Structures are given as structure tokens and as C-alpha cells.
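The sequence shown runs 2 to 106 under our numbering.
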Amino acid sequence: MKQQHQEESLVQVSYEERDLNTGRLMASHLGWVKSDALGQRRRRSFCHLALRESARDTWFVQTDGHRFELFWADPGAPDTRPSIVAPQQSWLDVLLDSEVGRVWS
């Protein structure tokens with residue numbers, strides 16, 4: 002998100018969504034928000050699921066104009082950690098190298 006203009010307590014912001022593979026612009030958003038509603042950081046959530054029954058090794062999800070193949074991974078094993086798109090890879094690395102991530106080891 003980029004801040005374009007500010008007038009008193011309002012800020013005009015723009016945001017572009019791009020295809021991760023081609024870089025092609027998928028959507029562009031422009032609008033005004035109160036300046037005190039703008040965040041200073043991004044938050045990313047990760048979930049740790051433990052299965053009690055067997056499940057398929059892979060499955061597909063259709064979203065954002067793409068078909069993604071999802072799979073189970075053992076985040077505690079450094080040699081089998083999945084790689085994901087940047088900058089999300091750095092977020093995953095920080096998580097797995099933290100106290101929380103060491104629980105999975």
C-alpha cells in the first residue's frame with residue numbers, strides 16, 4: 002500500500018495486486034482512510050495442525066485466479082522445510098527459528 006496524499010486527518014492510499022508469476026496487474030484500489038486507521042506493520046498468521054486421521058498428501062485450492070497445490074510439511078525438519086514465495090519465506094524462517102518454531106522440532 003502506498004500513501005498518495007494527505008488532507009488533515011485523511012490519507013489517500015493505493016494498493017495494487019499483481020500475479021506472482023507474471024507480475025501482471027490483477028487489480029488496483031484507490032481510496033481515502035483516516036490516518037489513525039493506518040497500521041505501521043504487517044501481520045502474518047501461521048497455523049500448526051496435527052492430524053488424528055490419515056489424509057491425502059496433496060490437494061488443490063483455486064483462489065486469486067490460480068490453482069495452488071497444497072501439501073503437508075514437517076516444519077521442524079530443516080532439510081524438508083518448504084520454500085514459499087518471497088517475502089513470505091522470510092516470515093516462515095523467522096517463525097521456525099523462534100521459540101514457537103522450536104516446539105515443532
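Using N, Cα and C, we set each Cβ at its ideal position, and we do this for glycine too.
The structure presented is a predicted model; accordingly, all values stated were derived computationally and were not measured.
Cβ distance (whole Å) where residue i is taken to contact residue j below 8 Å
i: ARG82; j: PRO76; result: 6 Å
i: SER46; j: HIS30; result: Not a contact, Cβ separation roughly 22 Å.
i: LEU21; j: VAL86; result: 6 Å
i: GLN7; j: SER36; result: 7 Å
i: LEU50; j: THR59; result: About 15 Å separates the two Cβ atoms, so there is no contact after all.
i: SER99; j: GLN90; result: Incorrect: roughly 15 Å between the Cβ atoms, too far for contact.
Rounded separation between residue i and residue j - CA only
i: TRP73; j: ARG43; result: 25 Å
i: PRO88; j: LEU97; result: 15 Å
i: GLU18; j: GLU9; result: 28 Å
i: ALA56; j: GLY32; result: 44 Å
i: LEU39; j: THR23; result: 29 Å
i: GLN41; j: MET2; result: 11 Å
Proximity winner among the options, relative to residue i (alpha-carbon distances)
i: LEU26; options: LYS35, GLY66 and PRO79; result: GLY66
i: VAL34; options: GLN13, ASP94 and THR64; result: GLN13
Residue range of the beta strand (DSSP E) that includes residue i
i: GLN5; result: 3–8
i: VAL62; result: 59–64
Near the ligand NAP: residue i beta-carbon under 7 Å from a heavy atom
i: LEU50; result: Although the ligand NAP was asked about, the structure shown includes no ligands whatsoever.
Boundaries of the alpha helix (DSSP H) in which residue i is found, first to last residue
i: GLN89; result: 89–97
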